[in-house]
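Novice: Residue numbers 1 to 409, in UniProt numbering, belong to the letters of the sequence shown in order. Built from N, CA and C at the ideal position, the CB exists for glycine as well.
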Amino acid sequence: MKIGIVCFNFFIAGGARLALDLAKSLGKLGHKVVIYTPDNKAESYRDIMAGLDIKIIKPRFSITAFSSKKPRTFVGWIIKKIREEVGFLSAARKIVSAMESDFDIVSVHDSSYVVGYLYKRKLNPRTRVIWNVNGQPFLYISRNNFLIDIVGRIYHWTRGFFNKKYLRAVDESIVLDTYNKQWLEKYGVKNISIIRGGIDFGKFYAPVKDFTKKATNKSVKLFALGALNPYRRFEDVIMAIYYLRQWGYNAEAEIICNNIWHEDGVRDNLISLVQKHHLENAVRLHFTGVPDEELRRTYSNSDVFVQAVYVTPPGNHGWGLVNFESMASGLPLIVCRASTATEVLEDNRTALFVDPLSPEQIARKVESLILNPKLYKEIALAGQSFVKNNLSWEKYAQEVLEVFKASQK
């Protein structure tokens, strides 16, 4: 098959990695794959991108959702939203004009669904459009600003209503979890398949470490990773370190939080929190992304991975490839029970669950691992085994391919 993959959010995040690894895996299965993106900011994925046919199609207007500073005023927010809409439509049109007309499948990822509609309308109505959805494009998340929140909810509802015509061009949808499946169903999207994302197990694998010596010394190093935004709850990891140190443990944390969304206020608050509790020597904050090699090194040098992300209902945190990369690396995972990754994980067996917004719970879970190195090893081994046996890019690509084939019947 000839497959076109379109991804707007092509930067250092899970969505880009999913699109790239899917393309690479489909290529290994003998299919011709071409990737289209308005901008390539995923330089840290160079090892994955090697050998892929990636076409960067610069739109007339930038997609400001990924490139502009946060507006400081309500009027600025309105202007930004208008520019985003113009930018998305501009990018979709420019990409379609650059695409060949003989794709059997056009796989549109997240917010690039408009491309599928325009491609069918302008180039090939027989092409099957598959929508890979990792997040909810029409979901509004509260900004704690009364005026912006009211107008924002109206804007996102209106956007969802008028974008339904684009969604009618979608033949099949692929999601990572039940939450996104239910969300799509509310918009009338049908033919939805849940396919769990893959992991390059061999790339991240490391033997589960013997934690006994560090536990005896009451030492532990936490690791947290993700694009910086208010919902990552990195402050909960920082506070967990504070509690652990108050309880007499030599606890430290490495937090890699790439500031791709220009969340300067969140960044400054994290820095202030570290300073307030005099944790400068215990918590290291990195506001830029890191190459895969350095990422693997950080996993290796850490003891526990913490995913504290929480979005208030009706939102929810998504799958999180980093959860499973950390498990492949031999680390026990402490994860917020609101994460959709918990759909496939088991509390106190393959991971440790904590309630949202509960840094003290995180600290207590870490303490339980220090006090019981046997539990540390059991959780880490069970998690690693789960990833090895259930999640791979080859498996993901094969299941996605089955959806592609079924859509053509």
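May I ask you to report which of helix, strand or coil DSSP gives Ala65?
Specialist: Looking up residue 65 in the sequence shown gives position 65. Interpretation of Ala65 is limited by its pLDDT of 48, a score under 50 that renders its predicted location unreliable; the figure taken from the coordinates is listed afterwards. Here Ala65 sits in helix by DSSP.
Novice: Can you tell me whether DSSP reads Ile195 as helix, strand or coil?
Specialist: For the purposes of this step, residue 195 is identified with residue 195 of the sequence shown, where counting begins at 1. Reduced to three states, the DSSP call for Ile195 is coil.
Novice: For Val34, which option in Lys377, Asn348, Val108 and Val208 has the closest C-alpha, if you only look at C-alpha atoms?
Specialist: As a first step, residue 34 is located in the sequence shown; it is residue number 34 there, counting from the start. Per the Cα distances, Val108.
Novice: Would you check if the distance between the CB atom of Ala227 and the CB atom of Asn258 is smaller than 8 angstroms?
Specialist: In the sequence shown, the residue the question calls residue 227 occupies position 227. In the sequence shown, the residue the question calls residue 258 occupies position 258. It is a contact, given that the beta carbons lie within the stated cut-off.
Novice: Identify, in the order they occur along the chain, each residue of the same chain with its Cβ nearer than 6 angstroms to the Cβ of Leu352, setting aside the five sequence neighbours on each side.
Specialist: The sequence position of residue 352 within the sequence shown is 352, counting from 1. These residues qualify, in order along the chain: Ile334 and Lys365.
Novice: Glu254: which of Ile95, Glu235, Asn348 and Leu118 sits nearest, CA to CA?
Specialist: Stepping through the sequence shown from its first residue, residue 254 is reached at position 254. By alpha-carbon distance to Glu254, the top candidate from Ile95, Glu235, Asn348 and Leu118 is Glu235.
Novice: Would you list the residues sitting across from Ala253 in a DSSP beta bridge?
Specialist: For this step, residue 253 is matched to residue 253 along the sequence shown. Per DSSP, Leu222 and Val283.
Novice: Where does Lys28 fall in DSSP's three states?
Specialist: The residue labelled residue 28 in the question sits at position 28 within the sequence shown. It is helical.
Novice: Can you tell me the Cα-Cα spacing of Val304 and Ile174, whole angstroms?
Specialist: By one-based count along the sequence shown, residue 304 stands at place 304. By one-based count along the sequence shown, residue 174 stands at place 174. Rounded to whole angstroms, Val304 to Ile174 spans 31 angstroms at the Cα level.
Novice: Quick one: using the 10 Å Cβ neighbour count with 16 as the cut-off for buried, is Gly265 buried or exposed?
Specialist: For the purposes of this step, residue 265 is taken as residue 265 along the sequence shown, with counting starting at 1. Exposed.
Novice: Decide yes or no for the touch test of the region 383-401 against the region 342-361: beta carbon pairs closer than 8 angstroms, at least 3 of them.
Specialist: Verdict: yes, contact present.
Novice: May I ask you to list the residues that DSSP assigns as paired with Lys2?
Specialist: As a first step, residue 2 is located in the sequence shown; it is residue number 2 there, counting from the start. Note: Lys2 sits in a beta bridge opposite Lys32.
Novice: Do you know offhand how far Ser90's Cα is from Phe162's?
Specialist: Locating residue 90 in the sequence shown gives position 90, where the first residue counts as 1. Locating residue 162 in the sequence shown gives position 162, where the first residue counts as 1. Their backbone Cα atoms lie some 17 angstroms apart in a straight line.
Novice: Taking the beta strand (DSSP E) that Phe305 belongs to, which residues open and close that run?
Specialist: As a position in the sequence shown, residue 305 is number 305, starting the count at 1. That run of the beta strand (DSSP E) goes Val304 to Gln307.
Novice: Start and end of the beta strand (DSSP E) containing Leu52?
Specialist: Position 52 of the sequence shown, counted from the start, is the residue given in the question as residue 52. Unbroken run through Leu52: none, as it is neither H nor E.
Novice: Name the DSSP beta bridge partners of Arg128, please?
Specialist: Within the sequence shown, the letter at position 128 stands for residue 128. For Arg128, which the question treats as bridged, DSSP gives the partners Ile105.
Novice: Leu352 bridges to which residues according to DSSP?
Specialist: The count along the sequence shown starts at 1 and reaches residue 352 at position 352. Per DSSP, Ile334.
Novice: When you compare each of Leu321, Ser358, Ser329 and Pro359 to Thr342 by their alpha carbons, which one comes out closest?
Specialist: For the purposes of this step, residue 342 is identified with residue 342 of the sequence shown, where counting begins at 1. Of the candidates Leu321, Ser358, Ser329 and Pro359, the one whose C-alpha sits nearest the C-alpha of Thr342 is Leu321.
Novice: Per DSSP, Glu172 is paired with what?
Specialist: Working through the sequence shown from its first residue, we reach residue 172 at position 172. Answer by DSSP bridge pairing, in chain order: Ile130.
Novice: Is Gly76 buried or exposed, if buried means 16 or more other CB atoms sit within 10 Å of its CB?
Specialist: For this step, residue 76 is matched to residue 76 along the sequence shown. Flag for Gly76 reads exposed.
Novice: Since Lys24 and Asp102 are thought to touch, with beta carbons under 8 angstroms apart, how far apart are those beta carbons, to the nearest angstrom?
Specialist: Sequence index remark: in the sequence shown, residue 24 carries index 24 (1-based). Sequence index remark: in the sequence shown, residue 102 carries index 102 (1-based). Between Asp102 and Lys24 the Cβ distance is about 22 angstroms, and since that is not below 8 angstroms, they are no contact.
Novice: Just to confirm before moving on: does the CB-CB distance between Met239 and Pro359 stay below 8 angstroms?
Specialist: Looking up residue 239 in the sequence shown gives position 239. Looking up residue 359 in the sequence shown gives position 359. The answer is yes: Cβ separation under 8 angstroms.
Novice: Could you give the DSSP three-state label for Thr37: helix, strand or coil?
Specialist: As a working note, residue 37 is residue 37 in the sequence shown. Assignment of Thr37 by DSSP, reduced to helix, strand and coil, places it in the strand class.
Novice: Please work out which residues of its chain come closer than 6 angstroms, Cβ to Cβ, to Phe66, disregarding the five sequence neighbours upstream and downstream, and give them in chain order.
Specialist: Looking up residue 66 in the sequence shown gives position 66. Here the model assigns Phe66 a pLDDT of 49, short of 50, so the residue's position is not dependable, and the following value carries that caveat. Cβ neighbours of Phe66 beyond the five flanking positions: none.
Novice: Hey, out of Ile150, Leu285, Leu244 and Arg267, whose CA is closest to Ala215's CA?
Specialist: Here residue 215 refers to the residue found at position 215 when the sequence shown is read from its first residue. Nearest of Ile150, Leu285, Leu244 and Arg267 to Ala215, Cα basis: Leu244.
Novice: Using the beta-carbon count (16 or more within 10 Å), is Lys120 buried or exposed?
Specialist: Residue numbering aside, residue 120 sits at position 120 when the sequence shown is read from its first letter. Classification for Lys120: buried.
Novice: When you compare each of Tyr299, Ser111 and Ala338 to Phe324 by their alpha carbons, which one comes out closest?
Specialist: On the sequence shown, position 324 is the one that residue 324 refers to. For Phe324, the nearest C-alpha among the options comes from Tyr299.
Novice: If Ser302 sits next to Phe223, beta carbons under 8 angstroms apart, how far is it from one beta carbon to the other, in whole angstroms?
Specialist: Reading the sequence shown from its first residue, position 302 is the one you call residue 302. Reading the sequence shown from its first residue, position 223 is the one you call residue 223. Yes, Ser302 and Phe223 are in contact; Cβ-Cβ is about 4 angstroms, under 8 angstroms.
Novice: Roughly how many angstroms lie between the CA atoms of Val274 and Glu84, to the nearest whole one?
Specialist: Indexing the sequence shown from 1 puts residue 274 at position 274. Indexing the sequence shown from 1 puts residue 84 at position 84. Spanning the two alpha carbons is a distance of roughly 34 angstroms.
Novice: In angstroms with no decimal places, state the Cα-to-Cα distance between Tyr113 and Ile56.
Specialist: In the sequence shown, the residue the question calls residue 113 occupies position 113. In the sequence shown, the residue the question calls residue 56 occupies position 56. Taking the straight line joining both Cα atoms gives about 17 angstroms.
Novice: Determine which residues share a DSSP beta bridge with Asp347 and list them.
Specialist: If you number the sequence shown from 1, residue 347 lands on position 347. Answer by DSSP bridge pairing, in chain order: Ala351.
Novice: Roughly how many angstroms separate the alpha carbons of Glu346 and Met49, rounded to a whole number?
Specialist: Here residue 346 refers to the residue found at position 346 of the sequence shown. Here residue 49 refers to the residue found at position 49 of the sequence shown. Their backbone Cα atoms lie some 34 angstroms apart in a straight line.
Novice: Find the nearest neighbour of Ile199 within the set Leu369, Tyr396, Leu401 and Val403, judged by alpha-carbon distance.
Specialist: Walking along the sequence shown from the start, residue 199 turns up at place 199. Ranking Leu369, Tyr396, Leu401 and Val403 by Cα distance to Ile199 puts Tyr396 first.
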